[in-house]
Amino acid sequence: MVRKGQPKVKTGCNTCKIRKVKCDETKPHCARCTDTGRRCDGYLSKPRVVLSLHEERRLTSSGSHGREARAFDFFRNVAGPALSGEFDAYFWTNMVLQMSHREPAVRHAVVALSSLYEQFQGMNKSPLLASTDYFAVRHYNSAIKELLSSRDDAVVLLVCALFICVEFLQGNQDSAIEHCRNGILILNRAAPSLVIRHDYLPIIFCRLSIFPLFFGCSVSSFPYVAGLDAKFQHHFAKIADAQCSLDILLSESIRFIRSAGDYRLGTLRHMDVPASIREKQERLERSLHAWYHAFSEFQAAQPPLESGPLRCHLLQMRYLVTQIWVNVALEPNEMAYDRHLDKFRSIVNLASQVVLRGSPDHSPRPKFICEMGFTPLLYFVVMKCRSLPTRLAALSLMKKLGIDRENLWDMNTMYCVGQRLVEMEHDITLSEITVQSSLPRYAEVPSEEERIREVMLNPGVDIRQDDEGHEVVWTQMHSVFWEPDDELVMKSDWMALS
């Protein structure tokens, strides 16, 4: 027969628990012990109660440590994977997080970036996050204080890359450029051993070094990342190798295009182009051809769908844009772009295939990425391809594939500029073109004098109310044309951005 045992004594003084008798739990000494002349050894201190889920959330969320943990979790699961766009996220999802666990400066910078990213992403619905701006600023400043005492250039450079993204998110162009400039200068002065140990740093700053040349910096005033030639590969084992090599070529190409600009639009446009500059152009074109040959071999060696079709398409689009731009960099007229119509159509075709494939995991698009995505590439087609059906297709694809903000490129602004540019060059109103069948009567390409060579926007905006009382953002657009007497003229026009 199973014997029914006595219930175990779980409370009471230590003496009664040892004797396994019921304690009356009188404090500070129980009566059961004192009445029988025994010494009462008192009670164990009460163990810390594990908080319920509700209590734990309430207490940790209201404290700074809870908010830091929340920001870290958001960075690990959302912001980090999204920052690289379609490309290799290893730097953001691994290197940054690894360093953040042992470097306070990195940790503070991650928290600041994550908080701002969540706010930009439109997920700030909790009242606990109402002061996200101040929270982010506090951690941003804490990261700076930590850096002041750091002697590790790798930490300084990694935090610098995070700071650049913070400034991207806030639209602070000058601050982002200054961080990028300082980061490259530190990297170029760093010991070779640091670059060997942290080989991801040169290519990260190579990518970041591209955007300042699109936003007002000259080649002479902005430093170049040294030692990139050693990282260029002629055979690709993985798609990240192809991306790295194309990033290097893109950086070199943009610097060449900007330095050659005076021979196209500037004071040297009536001068003969020096042989050294033409030789550099030819070398870049050979390197781009070699990259494409290696990339084609890489794709051919991959099993179907294993080379990352979306990333492959984006790389090919970057290659085609760079190839066109380098080829016409020294041409004095806009009609030089017309010979690249097949390439423009290929860019649009690649983008259309991406739309048809859709997101492989059906995840929503982020609103911000740190890399160059589809928007600047499709904008290039809209601006420089004068075939109306092709440029309208590119304009439509910008809305479908563009991210709200790709580092400093604002998709809505570029879409509005592209739309206005098409209307001006073709002398049409796009709202009147409702069906593809109406395009033939607009099929004639603009003449050289009708083509806009460059577009500039005023830094400020004007807020106006429309007829229905809604606020509309307006900016002034300045378009550069080439007059028949070989003079460049600028025409200004107000344009709505919303």
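Residue numbering for the sequence shown follows full-length UniProt numbering, starting at 1 and increasing by one per position.
C-beta: ideal position from N, C-alpha, C; glycine also.
| said: Does the region 143 to 153 come into contact with the region 99 to 112, if we say contact requires no fewer than three beta-carbon pairs (one atom in each stretch) closer than 8 Å? | reply: yes
| field | At least 3 beta-carbon pairs within less than 8 Å: the region 268 to 285 vs the region 346 to 358 | value | no
| query | What do you get for HIS179, buried or exposed, if any count of 16 or more other CB atoms within 10 angstroms of its CB means buried? | reply | buried
| For ASP404, which residues does DSSP report across the bridge? | DSSP lists no partner for ASP404.
| request: Kindly give me the distance between the Cβ atoms of THR375 and VAL381, rounded to whole angstroms, as I take these residues to be in contact under 8 Å. | output: With a Cβ gap of about 11 Å, THR375 and VAL381 do not count as contacting.
| message | Once DSSP output is grouped into helix, strand and coil, what is the label at GLU454? | response | strand
| said: Once DSSP output is grouped into helix, strand and coil, what is the label at residue 501? | reply: Nothing in the structure corresponds to residue 501, since the chain is present only between 1 and 498.
| said: Assuming the contact rule is C-beta atoms closer than 8 Å, LEU395 and VAL422 should be a hit. Round their C-beta distance to whole Å, please. | reply: 7 Å
| query | Would you say the region 441 to 459 touches the region 331 to 345, given that touching needs at least three Cβ pairs under 8 Å? | reply | yes
| task | Take the Cβ of ASN77 as the centre, count every other Cβ of all protein chains shown within 10 Å, and call the residue buried at 16 or more, exposed below. | result | exposed
| What are the start and end residues of each continuous alpha helix (DSSP H) run of 4 or more residues lying completely inside the region 65 to 144, in chain order? | 80 to 83, 96 to 100, 104 to 121
| query | Do you know offhand how far TRP325's Cα is from GLY469's? | reply | 43 Å
| query | By Cβ distance, which residues of its chain are closer than 7 Å to ALA82, with the 5 residues on each side in sequence left out? | reply | PRO366, ILE369
| task | Assign GLN476 to one of three DSSP states: helix, strand, or coil. | result | strand
| task | List the DSSP bridge partners of GLN465. | result | GLU471
| Nearest-angstrom Cα separation, counted from VAL155 out to SER479 | 43 Å
| said: Just to confirm the assignment, what range does the alpha helix (DSSP H) spanning MET424 have? | reply: 411 to 426
| field | Residue from VAL96, ASP24, GLY66, ILE164 whose Cα sits closest to the Cα of LEU408 | value | ILE164
| said: For SER220 and LEU148, what's the separation of their Cα atoms in angstroms? | reply: 29 Å
| said: Classify ALA496: buried if its beta carbon has 16 or more other beta carbons within 10 angstroms, exposed otherwise. | reply: exposed
| DSSP state of PHE222, grouped into three classes? | coil
| Between which two residues does the alpha helix (DSSP H) containing LYS343 stretch? | 341 to 357
| query | With respect to the alpha helix (DSSP H) encompassing VAL166, which residues constitute its N-terminal and C-terminal limits? | reply | 153 to 170
| query | In the structure shown, what three-state DSSP assignment does PRO210 receive? | reply | The question names Pro, but residue 210 is Ile in the sequence shown. Note: ILE210 maps to coil in three-state DSSP.
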